[in-house]
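Here the structure is laid out as structure tokens; the discussion comes afterwards.
There are 2 protein chains.
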Amino acid sequence: MDITRQIADHVVSSRMQMVPADVRHEACRALLNYVGCAIGGAHEDAVEIALRALNPYSGNRTSVILGRRDRVDPITASLINGIAAHVHDFDDTTPHNLSHTTCPVASAIISHASQQAVDGSEFLHAFLLGFEAASQIANAIVPGHYEAGWHITSTVGAIGAAVAVGRLRALTAEKMTNAIGIAATQAAGLRVVFGSMAKGFNPGRAAQNGYVAAVLADAGFTGGNDPLGGPRGFLEVLASTRDAGAIAERPPTEFELRHNAYKPFPCGLVMHAAIDACIQLHLEARIDPDEIRSVRLRVAPIVLDLCNKRVIHSGLEGRFSIYHAAAVGLVRGKAGLAEFTDQAVNESRIRAVRERVTVEPDADISHDAATVEITRLDGCSLSKSVAHAIGSLQRPLSDRALEQKFRDQAEPRLGGQRAGALLDLCWALERAGNAGQIAELAAPA
Amino acid sequence: MDITRQIADHVVSSRMQMVPADVRHEACRALLNYVGCAIGGAHEDAVEIALRALNPYSGNRTSVILGRRDRVDPITASLINGIAAHVHDFDDTTPHNLSHTTCPVASAIISHASQQAVDGSEFLHAFLLGFEAASQIANAIVPGHYEAGWHITSTVGAIGAAVAVGRLRALTAEKMTNAIGIAATQAAGLRVVFGSMAKGFNPGRAAQNGYVAAVLADAGFTGGNDPLGGPRGFLEVLASTRDAGAIAERPPTEFELRHNAYKPFPCGLVMHAAIDACIQLHLEARIDPDEIRSVRLRVAPIVLDLCNKRVIHSGLEGRFSIYHAAAVGLVRGKAGLAEFTDQAVNESRIRAVRERVTVEPDADISHDAATVEITRLDGCSLSKSVAHAIGSLQRPLSDRALEQKFRDQAEPRLGGQRAGALLDLCWALERAGNAGQIAELAAPA
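Here the protein sequences come in this chain order: A and B.
Using the working numbering, read the first sequence as starting at 21 and increasing by one per residue.
Using the working numbering, read the second sequence as starting at 21 and increasing by one per residue.
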């Protein structure tokens, strides 16, 4: 059983008619959310610095950086768009494997489509094939891979990006196999860099690695035999737990896009239930922050594993601090982009509440659930439990909520009219003559 | 103990006067050997295809591809030069960790020096700092990392390249730490692709990854806290056996360059002892290949682990076939570039002998030793044992032998005069005003 070739065969032979309508709609939701996040993140420090550093090395400036007027070659654009779309930790997630798969896949193909006309339906199809391939592989290495310290978004993302760009370049099954191999041998990304700019760099580089893999394979570059499932292949080398059967035996009627979640808050997904509970408490009880003596959270153990940053100084660190996340929920009753800035992290009222937060991990709690209990100075206690966080698969963001999230990020850059046109195009992508129009509309006029 | 910062501090504060003369000379040997291999490999398929595929995306064409007239931007050049220098499996190796460390490090800095004047002594110093940093890390993850399936040359090579380019860009210790982190989070390369073009791609991409890491860090991009030694850092995630003490406690007077070996044969290092024995038998006994009934090899188990390709069709596969390697030694009495072409692999006399080779792994034999025993059709047996292969640390190639190896590769491309001038420049690098002259001379007139 050669699972690399199996994936390649499927990707090459898939027809859009085989994809159910609800999955196509979900692909549109994922792309719309992606485009909003990329525009929203386009002026963050990590993006500014990466662009300034790499701009002198750019080739022909054919491809848009979403949300900016700058153009660079499509390989460089894959990286920069990927950093921008992930920098706020606001992009989508498949909760089962904790991968933000859209970011690397979409960053690669939007950069490609920005330089060369691509039919909208073809684009959507390539995206979902890349998303599905990466997700299948991610599911095969859950949970050992991520627990060991790999940034799963970028390791499997490089392969998803190669598949999607490869599909747009109409690779044969043999070349697609090579593209997957060249991507697999570049698979990288460490969680140890979380909290630094390199976190967003990981999926950006994955987009770029996948792009390069597809370009090389297209030209005849080879990439080994069953680089995914073979002896010492990707699965064996990068994952202590693995289940190749999750790939080999998966019915073609299953789609991981159905299990994709969209974040209401721009920070670590596993904190969302606690934030949700804190916001609800804020709205219901109208607590004065100065009256809070202590805050007790009960959460899944992974919350502390991922988001245990207690002493923080930057907004970037705040995205991985359960203490900060709870504090902004309680103090401000919201947790949007403004709550994860350097300013918010250093605001004295938020810091004061943050310092009163204690967290109890509980293995019986799932990572989309949480309980918060606050005790006031007068000794009175209040608590709130959330069984499934807003934005989870059980309480998904509606299309309207996604549109609002999109507008919140895109309108400040593009203005309302252009943002609206871009929104319409994302929804109507399947009937669009050229998906590259997304990139054109996403560049401020 | 923050080993990332420790390495960064050392790299930033090192002075050339601290480097003993024998180590500087060894650095020249490594670079000279590298330049010869890059020129020798510059027209292999893997290089032609990668260049054709990526050329359209190149930025300003400032940097030479050694052995060619083409120029590309320095980041692309790092990749292409890296592929070329490794494609023949003819570059150097530190036997203790099986890493070909010069290739990624030198590919990055020669591409940098090709676009911007760099003092020869600074260049040599940066090279050896990158080589040492990568080697230290490699030694800390021997043997688990490579055994698991990682291409150690590229995983540690990315970090070595970042260090070397970072040094040439005069990064501060803080920025150097970030460069190491950005390189570490890109560390990748799987042995499963050995036998395909992606093998050479791995160190090339490592060169490029390190280059990008240094450029980004220079501009202010951040890369995490102790990405090498920290919890879930590079050492923890990529190696089942690790010894951070090998880095932390290493005296600054030790240099891994003293333990670097240069290959006489363009193929897997662990086959060299068997080839050596077969060539000696050929030269001493003048055996008619048609008279060979069987060939028995006794070798270290790692030989079969790495080079067990029995059915082969291409020269690339032949580089990892102990059967082919023994056959060319016995049939032709040599194992140069001409013995690892598609033509040689498919030559009937060589194939006939190859099919008669059996290999017995013996855990008591080191990987630079081997015994070959042939039985002729007349029943007579002959055998030869080699305790240390030619080119091993115990029987190193002399400066003259390295020069001959260089000329064999460079003269067909550059002509004798230019090749000679380039050779002289490599030896005199420490006194050269501009190391970029290496690249200029390595481009055919």
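For each residue, glycine too, the CB sits at the ideal point set by N, CA and C.
| Item | Value |
| --- | --- |
| Closer than 8 Å to chain B by CB, Pro309 of chain A | no |
| Sequence-distant residues of the same chain with beta carbon closer than 8 Å to Asn366 of chain A, five excluded per side | His333 |
| Start-to-end residues for the beta strand (DSSP E) that takes in Ala318 of chain B | Note that residue 318 of chain B corresponds to Arg in the displayed sequence, not to Ala. Run containing Arg318 of chain B: 312 to 319, per the beta strand (DSSP E) assignment. |
| With 16 other Cβ atoms within 10 Å as the buried cut-off, status of Met291 of chain B | buried |
| Spatial distance of Gly164 of chain A from Trp170 of chain A (CA atoms) | 9 Å |
| Those residues which DSSP pairs with Thr113 of chain B across a bridge | B:Ala281 |
| Cβ-based contacts, 9 Å cut-off: residues of the stretch 190 to 210 of chain A near chain B | Asn198, Gly201, Ile202, Ala204, Thr205, Gln206, Ala207, Ala208, Gly209, Leu210 |
| Span separating the alpha-carbon of Gln136 of chain B from that of Arg225 of chain B | 21 Å |
| For Cys298 of chain B, the nearest candidate out of B:Val406, B:Gly440, B:Asn198, B:Ala383 (CA to CA) | B:Val406 |
| Within chain A, partners of Arg225 of chain B - CB distance below 7 Å | Gln206 |
| Minimum Cβ-Cβ distance from Asp90 of chain A to chain B less than 8 Å | no |
| CA-to-CA distance, Ile394 of chain B to Val379 of chain B, given in whole angstroms | 12 Å |
| DSSP-derived helix/strand/coil call for Arg91 of chain B | strand |
| Candidates A:Ala463, A:Glu450, A:Gly349, of which the one nearest Arg44 of chain A by Cα | A:Glu450 |
| Limits of the beta strand (DSSP E) - the one that Arg306 of chain B falls within | Arg306 of chain B -> no beta strand (DSSP E), and no H or E assigned at all. |
| Interface flag, Tyr77 of chain B vs chain A, CB-CB below 8 Å | yes |
| Minimum C-alpha distance to Asp362 of chain B - residue among B:Glu64, B:Ala305, B:Asn80, B:Asn245 | B:Glu64 |
| Residues from the stretch 247 to 278 of chain B in contact with chain A, defined by Cβ distance under 9 Å | Pro247, Leu248, Gly250, Pro251, Arg252, Gly253, Phe254, Glu256, Val257, Leu258 |
| Short CB-CB distance (under 8 Å) between Ala239 of chain A and chain B | yes |
| Runs of alpha helix (DSSP H) lying entirely within the stretch 174 to 210 of chain A, each at least 4 residues, in chain order | 193 to 204 |
| Pair within 8 Å by beta-carbon distance, Ala128 of chain A and Val185 of chain A | yes |
| Neighbourhood of Ile410 of chain B by C-beta distance below 6 Å, restricted to the same chain and skipping five residues each side | Pro284, Asp296 |
| Val348 of chain A versus Leu301 of chain A - alpha carbon distance | 12 Å |
| Residue environment, Gln437 of chain A, which counts as buried when at least 16 other CB atoms sit within 10 Å | exposed |
| Pairwise C-alpha distance: Val92 of chain A and Pro124 of chain A | 17 Å |
| Local Cβ density within 10 Å of Arg89 of chain A, reported as buried at 16 or more and exposed below that | exposed |
| Delimiting residues of the beta strand (DSSP E) encompassing Ser401 of chain A | 401 to 406 |
| Residues of its chain near Gly180 of chain B, where Cβ-Cβ distance is below 7 Å and the 5 sequence neighbours each way are ignored | Thr121, Pro124, Val125, Gly150, Phe151, Ala153, Ala154, Gly230 |
| Enclosing beta strand (DSSP E) for Pro381 of chain B [first to last residue] | 377 to 381 |
| At least three beta-carbon pairs within less than 8 Å, the stretch 237 to 248 of chain A to the stretch 200 to 207 of chain A | yes |
| Minimum Cβ-Cβ distance from Asn117 of chain A to chain B less than 8 Å | no |
| Alpha carbon of Gln228 of chain A to alpha carbon of Phe147 of chain B, nearest angstrom | 27 Å |
| Selection from B:Ala281, B:Leu350, B:Gly338, B:Leu326 that minimises the alpha carbon distance to Val315 of chain B | B:Leu350 |
| Alpha-carbon to alpha-carbon, Ala58 of chain B and Ala452 of chain A | 47 Å |
| Contacts of Asp93 of chain B in chain A (Cβ-Cβ under 8 Å) | Tyr77, Gly79 |
| CA-to-CA distance, Phe275 of chain A to Met38 of chain A, given in whole angstroms | 11 Å |
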